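**Q** Structure incoming, see below.
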Amino acid sequence: MRMIARSIEWVGRTLAWLMLAMVIVTVVVVIARYLFDAGWIALQESVTWLHGVALMLGLAYTLKHDAHVRVDVLYRRFGERGRAWVDLVGTVVLLLPLCAYVAWSSWDYVAASWSVGERSREAGGLPGLFLLKTAIPVAAALLALQGITMAAAALRVLRR
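Under our numbering, read the sequence shown as residues 212 to 371, first letter to last.
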């Protein structure tokens, strides 16, 4: 579990640098467009692609740090054991099946993209769209791993 936690932490910290890169590229795009009346489709697409990767791969990191959106009308009133039950049941009944469904349903989509070496449809766009699409099942796997870690932590609380 510690190895999973460290891996997800590393992914999250790496994504923080990706976000910085996205901001820098956005500034470059704006300066190029408004000061020099120039633009590059690939550079503009890279902002969208970086955002997509950060969003997808950041899901597990966000869950790890309990920074996700939670409707906690009851959760905040529960004690430690009650919260552990909610985390365990929510993970096993909702999160893990959702991750399995996303991974399963995206598999053919990603495989088809890899099989043709899919690239941007825009002239001058980025190659390697298949790499971006790969973030979907990878995000589902990372989220499932974090869910398993959460479920294990909830079980530890409930066993005490």
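By construction, the Cβ of each residue, glycine as well, lies at the ideal position given by its N, Cα and C atoms. Treat the numbers as computed from the prediction; the structure is a model and nothing was measured.
(1) Kindly list the residues whose CB is nearer than 6 Å to the CB of L274, restricted to its own chain and excluding five residues on each side of it in sequence; keep chain order.
(2) Could you give the C-beta distance for V222 and L268, rounded to a whole number, given that I count them as a contact under 8 Å?
(3) What does a CB cutoff of less than 7 Å around Q255 pick up in its chain, not counting 5 residues either side in sequence?
(4) Compute the beta-carbon to beta-carbon distance between T345 and V321, rounded to the nearest angstrom, for a pair I have assumed lies under 8 Å.
(5) Within the same chain, show all residues whose beta-carbon is closer than 6 Å to that of A314, passing over the 5 residues directly before and after it, in chain order.
(6) Can you tell me the Cβ-Cβ gap for L366 and L299, rounded? I've got them flagged as a contact below 8 Å.
(7) Please go through the stretch 318-357 and give each complete alpha helix (DSSP H) segment of 4 or more residues, from N-terminal end onward.
(8) Among L226, V258, W325, which one has its Cα closest to the Cα of V238?
(9) Measuring straight from C-alpha to C-alpha, what distance separates A334 and I252?
**A** Concretely, from the data shown:
(1) The residue labelled residue 274 in the question sits at position 63 within the sequence shown. Once the five neighbours on either side are set aside, the close Cβ partners of L274 are Q357.
(2) Stepping through the sequence shown from its first residue, residue 222 is reached at position 11. Stepping through the sequence shown from its first residue, residue 268 is reached at position 57. About 6 Å; that satisfies the 8 Å criterion.
(3) Locating residue 255 in the sequence shown gives position 44, counting from the first residue. Here the set comprises V240.
(4) If you number the sequence shown from 1, residue 345 lands on position 134. If you number the sequence shown from 1, residue 321 lands on position 110. Rounded, the Cβ-Cβ distance is 6 Å, consistent with contact.
(5) As a working note, residue 314 is residue 103 in the sequence shown. P348, A351, listed in sequence order.
(6) Locating residue 366 in the sequence shown gives position 155, where the first residue counts as 1. Locating residue 299 in the sequence shown gives position 88, where the first residue counts as 1. At roughly 7 Å, the Cβ-Cβ gap stays under 8 Å, so L366 and L299 are in contact.
(7) none
(8) Within the sequence shown, residue 238 is the residue found at index 27, counting from 1. V238 has its Cα closest to that of V258, out of L226, V258, W325.
(9) The residue you call residue 334 lines up with position 123 of the sequence shown. The residue you call residue 252 lines up with position 41 of the sequence shown. Distance between the alpha carbons of A334 and I252 is about 8 Å.
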